[in-house]
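Here the structure is laid out as C-alpha cells; the discussion comes afterwards.
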Amino acid sequence: MDVSNAAIAAALEELGDLYELDGAIVHRVLAYRVAARTVRETPTSVAQLAREGRATDLPGIGATLQEKILALSETGTIPATEKLRAKFPPGMIAIMRLPGIGPKRARLMQKELGIDSPEKLREAAVHQRLRTVRGLGPKFEAGALEALDSGAAERPAPRVLLPKAIAIGEALALALSELGGGETHVQIAGSARRQADTVKDLDLIATTNRPTALAKSLARIEEIESVSSASRSGARGRTHTGMAVDLRIAKPSQLGNLLQHFTGSGPHNAALREGAVRRGLHVSEHGVLDDASGSTRTCTREEEVYELLGLPYIEPELRENRGELQAEHLPELIGLQDIRGDLHSHTIASDGHNTIVEMALAARERGYSYLAITDHSASHGFGDDVSPSQLAHQIELVREADAGLEGIQLLAGSEVNILPDGSLDYEDELLGELDWVIASVHTAFGIGEQAMTERMIAAIEHPLVDAIGHPTGRLLERREPYPIDLEAVFAAAAKAGTMLEINANPDRRDLSDVHARAAAAAGVTIVINSDAHRIDTLQNMRWGIATARRAWLRAGDVANTRPWSELRTLGKQARK
DNA sequence: GCCGTTTTCGGCCCGACTGTTTTCAGTCG
C-alpha cells in the first residue's frame with residue numbers, strides 16, 4: 002500500500018524544518034513547505050504519481066522532491082532526513098516552534114550552550130545562562146520561560162472551527178463599533194473571512210475617527226483576556242478561550258489595501274505580489290507602488306487593488322493560491338440563496354430532536370421548497386436504529402405530513418449504512434419505496450484503503466442510491482479521513498450518476514473544498530446538505546455553501562439548487 | 001528547493017515589531 006499524502010506532507014514538513022535548522026536559505030525551506038501543502042491537498046496518490054514520474058506536474062514539486070517522495074515510498078524514509086536527524090534531535094524542532102525562537106536562535110543556543118531540548122532550554126533560562134550568549138538578553142530569557150510555561154513546545158496552537166471564530170469575531174466587531182463611536186466600522190478579515198474550515202487567529206480591520214481610543218478599548222471587551230500592545234495603528238490581544246486577536250486600524254483611504262493584505266491568504270498575497278513585481282508594481286498593506294511613476298496609489302476599496310494589478314476581483318474564498326491568479330475566468334460562485342431544498346435531515350425516528358412536521362415547518366421558514374427526511378437505518382445502533390417495519394411506518398408518516406402541508410414538499414428518504422462489504426442494511430424492495438436515498442459509512446473505518454474504496458464504489462453503483470453522505474468520514478480537528486482512493490470514487494460516481502455530498506455540518510465539511518473541486522472537475526454532481534438533527538441546525542447549510550465556494554462551485558454544479566421536479570430526474574429513483 | 005514575458009541561472013513579497021544593539025538581525029504574519 003502506498004504511503005499516504007498526509008505522511009508524505011509530514012515528511013516534507015519535517016525535512017523543511019531540519020534544513021531550516023541547518024541554515025538553508027529561506028527559499029529552499031519555503032519550497033518544502035509549499036510542496037507539503039500541495040501534497041496534502043492533492044486528491045490522488047502522490048506516491049503513485051511519483052512512481053509514474055508525474056509528481057513533477059504538481060505545482061512546487063520538481064525532480065528533486067519527486068525523487069525524495071519516491072525514496073520515502075520505497076524505503077520508508079528519506080536519506081537527507083536521516084542525516085539531519087542525527088545533527089538535530091526532535092527537541093530542536095520543538096524549541097524552534099516556541100514563539101520568538103526561530104532557526105537562528107535555536108542553533109545559536111545549541112552551539113553555545115548545548116541546548117537541544119525544551120527541558121535543557123528551561124534549565125538554562127532558570128539559571129540565567131541564556132543572557133551570557135551574545136545577542137540574547139534578560140528579556141529573551143523571560144520570554145523563553147513564558148513560552149515554555151504556556152505549553153507551546155508540547156502542543157501546536159489550537160485551531161477553532163469557523164462558526165465559533167465567526168461568532169467571536171462578530172461579537173468583538175460589535176463591541177468595538179459601540180466603544181469606538183459613530184464613525185467606527187469593524188469587519189472580519191483573515192481566514193475567517195475566507196471561510197476556512199478552522200481559524201488560528203482572528204483578524205479585525207477597523208476604520209474610525211478616534212484610532213487610539215479604539216485600540217485601547219479592545220482591553221475593555223469582556224471576551225478579551227489580555228492586550229499586549231495598543232497604538233493608533235491597532236492592538237493585539239487574546240480571548241479568554243486563547244485565540245489571538247489582531248485589530249488593525251486603517252485610514253479610510255487605505256482600507257482597501259489593508260483589507261486585501263489581512264484577508265490573505267499568505268500564499269495568495271505572495272503570488273499576487275510576485276506577479277505584480279513583473280509588472281513593475283509593489284503591493285503592500287499601505288498601497289501599490291508603481292516603479293514607472295515612483296508614486297504609491299492607495300485604495301479605499303479592495304476591488305481597486307485587484308484592478309490596479311490587471312486582475313478581476315477575486316472572492317475571499319478563492320484566495321488560496323490554487324489557480325485563482327492565473328485563471329482566464331473565475332466562476333460565479335454559488336450562494337446560500339441558490340439552495341432550494343435540503344436532502345439530508347434527521348428526526349426523532351432516529352437520533353434527531355424534532356418531529357417531521359417541526360423540521361418541515363423550519364425548512365419552509367428558510368424558504369426551501371423541499372426537505373428530505375433521512376433518518377438512520379436498520380443497523381445504526383446507539384438505540385437509534387430504524388427497523389424495516391419502522392421505516393415503512395416512517396414513510397407513511399412523511400406522506401401524511403406532506404399531504405397536510407402547503408409550500409413545502411416532503412420527501413421520504415433514508416441515510417442508509419454502507420456495511421463493510423459494500424451492501425446496504427435495507428432490502429432493495431423497501432428502498433424502492435423511498436424518494437431519496439443517501440448511503441454513508443458509519444462503521445468499520447479501519448478496513449484499509451482498498452477495501453474501503455471497493456465498499457464505497459459498491460454503494461455508488463447500487464441502483465437505488467442517489468447520493469453518498471460525508472464521503473471521507475473526517476471530523477475536523479478530531480478524526481482524519483479514512484484511507485480511500487478518491488480518484489476512483491469520483492470516477493465511479495461520475496459514471497454511475499451518483500451524487501456526492503458536501504456535508505455542511507461545520508465539524509465535517511465533507512467533502513472538503515479541494516475534494517469537492519476535484520469531484521466536480523471529474524464530472525460528479527454535488528449535493529450540499531445540512532445533516533440537521535434539530536431545527537436549529539438546518540442553518541448549517543451556510544458552512545456547506547462556504548466549502549462549495551472554496552471549491553469554485555457554481556449553482557449549476559450543485560443538484561439542490563434545482564427544483565425537486567428537475568432534481569428527481571437526476572436521481573436514481575426516477576430510473577427504476 | 002522551484003521556475004521561466006530575466007528560460008537552465010539568478011532570482012524568488014513586504015513590512016512591523018522586538019530586543020539587542022550603536023546600526024541591525026531575527027521572528028512573525
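Residue numbers (our numbering): 2 to 577. For glycine and all other residues, C-beta sits at the position ideal for the given N, C-alpha and C.
Review point. Going by other Cβ atoms of all chains shown within 10 Å of its Cβ, with 16 needed for buried, is G407 buried or exposed?
Key: Looking at the sequence itself, residue 407 is Glu, so the reference to Gly does not match. Flag for E407 reads exposed.
(message) Classify D511: buried if its beta carbon has 16 or more other beta carbons within 10 angstroms, exposed otherwise.
(response) Buried is the call here.
### Secondary structure of T208, DSSP reduced to three states
Looking at T208 - three-state DSSP - the assignment turns out to be strand.
Check: Where do the ends of the alpha helix (DSSP H) carrying H28 lie?
Finding: 27 to 42
Going by other Cβ atoms of all chains shown within 10 Å of its Cβ, with 16 needed for buried, is R341 buried or exposed?
-> buried
- Ordered list of alpha helix (DSSP H) runs contained in the segment 307 to 375, each at least 4 residues: 357 to 366
- Item | CB of A145 within 8 angstroms of CB of L122, strictly | yes
query: At which residues does the beta strand (DSSP E) containing N530 begin and terminate?
result: 527 to 530
| query | Start and end of the beta strand (DSSP E) containing E502? | reply | Here the beta strand (DSSP E) through E502 covers 500 to 504.
* Asked: Contact between the segment 128 to 139 and the segment 91 to 110: three or more CB pairs below 8 angstroms?
  -> yes
Worksheet entry | Cβ-based neighbour list, D385, same chain, cut-off 6 angstroms, excluding 5 preceding and 5 following | Cβ-Cβ distances below 6 angstroms link D385 to S351, D352, H377 in the same chain, with the five nearest sequence neighbours on each side left out; the list follows chain order.
Taking only three categories from DSSP, how would you classify G170? Helix.
Could you check which residue in A251, L219, M244 has the C-alpha nearest to that of A236?
L219
By a C-beta neighbour count over all protein chains shown, 10 Å radius and 16 as the cutoff for buried, is N561 buried or exposed? By the neighbour-count rule (16 or more Cβ atoms within 10 Å), N561 is buried.
Tell me the residue span of the alpha helix (DSSP H) that contains V289. Premise fails: V289 lies in the beta strand (DSSP E), 288 to 291, not in any alpha helix (DSSP H).
| task | Take D292 and list the residues in its own chain whose beta-carbon comes closer than 6 angstroms to its own, dropping the five residues that flank it on each side. | result | G281
Check your understanding: What does a CB cutoff of less than 7 angstroms around R130 pick up in its chain, not counting 5 residues either side in sequence?
Key -> L114
- Taking only the alpha-carbon atoms, compute the straight-line gap between A56 and T65 and give it to the nearest angstrom. The straight-line gap from Cα to Cα measures roughly 11 angstroms.
Quiz prompt | Sheet register partners of L203 (DSSP bridge) | solution = V246
Inset, instruction - Closer than 6 angstroms by C-beta to H186: which residues in its own chain qualify, once you throw out the five before and the five after it? Chain order, please. - result: T208
request  = Check whether the segment 354 to 366 touches the segment 402 to 422, counting contact only when three or more Cβ pairs, one atom from each stretch, lie closer than 8 angstroms.
outcome  = yes
Excluding the 5 residues preceding and the 5 following L73 in the sequence, name in chain order all residues of the same chain whose CB lies nearer than 7 angstroms to its CB. Same-chain partners within the cutoff: V4, I9, A12, I79.
Q: Hey, could you find the ends of the alpha helix (DSSP H) N270 is sitting in?
A: 267 to 279
Q. Excluding the five sequence neighbours on either side, which residues of its own chain have a C-beta within less than 8 angstroms of the C-beta of I349, listed in chain order?
A. N355, T356
Review point. Helix or strand or just coil, what does DSSP make of V442?
Key: coil
Return the first residue and the last residue of the alpha helix (DSSP H) that S192 is part of. Its alpha helix (DSSP H) spans residues 191 to 194.
G243: which of A251, L203, N6 sits nearest, CA to CA?
L203
CA-CA distance, P268 and P317? 13 angstroms
Decide if Q261 is buried, meaning its Cβ has at least 16 other Cβ atoms within 10 Å, or exposed.
buried
Between A48 and the rest of its own chain, which residues show a CB-CB distance below 6 angstroms, the 5 nearest in sequence each way excluded?
D3, V4, S74
Backbone secondary structure at D558 - three-state DSSP:
helix
Query raised in the report: How long is the line joining the alpha carbons of M453 and S232, rounded to whole angstroms?
Result: 55 angstroms
- Quick one: grab the DSSP three-state call for D117. coil
Note to self: Taking the beta strand (DSSP E) that A578 belongs to, which residues open and close that run?
What the structure shows: Residue coverage of the chain in this structure runs from 2 to 577, which leaves residue 578 outside it and unanswerable.
Should A440 and G470 be called a contact, given that it needs their Cβ atoms to be closer than 8 angstroms? yes
**Study point:** L465 (DSSP reduced to helix, strand or coil)
**Key:** coil
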